[in-house]
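Chemist:
This is how it looks when you write it as structure tokens:
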């Protein structure tokens, strides 16, 4: 399965993903990095040493969805903003606005993954594995996957 990493601030993000994944669907993971390494994020059961902020999927193309994610974050990254701008990935706009003062755009890396089964199943597996390990969803996720794997619990 193909997995690629991109800086969210890359001005050629959409083109690079389109070149690497063409019209594919899949999943993506937003990571927080510090000094070139994944940041440690304190979670309920343990520390997330991979710096995962968000796990998502797309039924559209990966380049469209990840570009939408980047738009939502960039539109809400100004630390002097007085209210959020709902652009791109709308629900993520509001979530990111709340934490924007604690994160630098340059520290955000997006991991793009081609589909192993279906985007929905792949996302559910990633989310369920995260919850089984840390006892809660990634900080910017609001919903569990559609397919629960209860054997993990």
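In our numbering, the protein residues as written are 1065 to 1217.
The beta carbon of each residue, even a glycine, is placed where N, CA and C say it ideally should be.
1. What three-state label does DSSP hand residue 1089 in the structure shown?
2. Measuring CA to CA, which of 1142, 1088 and 1118 is closest to residue 1201?
3. Give every residue of the same chain whose Cβ lies closer than 7 Å to the Cβ of residue 1178, excluding the five residues on either side of it in the sequence, and list them in chain order.
4. Please list the terminal residues of the continuous alpha helix (DSSP H) segment that includes residue 1163.
5. Check this for me: beta carbons of residue 1058 and residue 1141, under 7 Å apart or not?
6. Rounded to whole angstroms, what is the Cα-Cα separation between residue 1097 and residue 1130?
7. Residue 1136 and residue 1120 look like a contact to me (Cβ under 8 Å); what is the Cβ gap, rounded to whole Å?
8. Spatial neighbours of residue 1071 within its chain, please: C-beta separation below 7 Å, excluding the five flanking residues on both sides.
9. Where does residue 1207 land, buried or exposed, given buried means 16+ other C-beta within 10 angstroms?
10. From what residue to what residue does the beta strand (DSSP E) around residue 1116 run?
11. Go to residue 1195, then tell me how far its alpha helix (DSSP H) extends in each direction, as first and last residue.
12. I'd like the span of the alpha helix (DSSP H) that includes residue 1127, first residue to last.
13. Distance check for residue 1111 and residue 1082, CA to CA, integer angstroms please.
14. Do residue 1213 and residue 1192 have their CB atoms nearer than 7 Å?
Modeler: Reading from the atomic positions:
1. coil
2. 1118
3. 1065, 1066, 1085, 1088 and 1090
4. 1154-1163
5. Any answer about residue 1058 is impossible in this case: the structure gives the chain only from 1065 up to 1217.
6. 18 Å
7. Actually they do not touch by this definition, with Cβ atoms about 11 Å apart.
8. 1173
9. exposed
10. 1116-1122
11. 1183-1198
12. 1126-1138
13. 33 Å
14. yes
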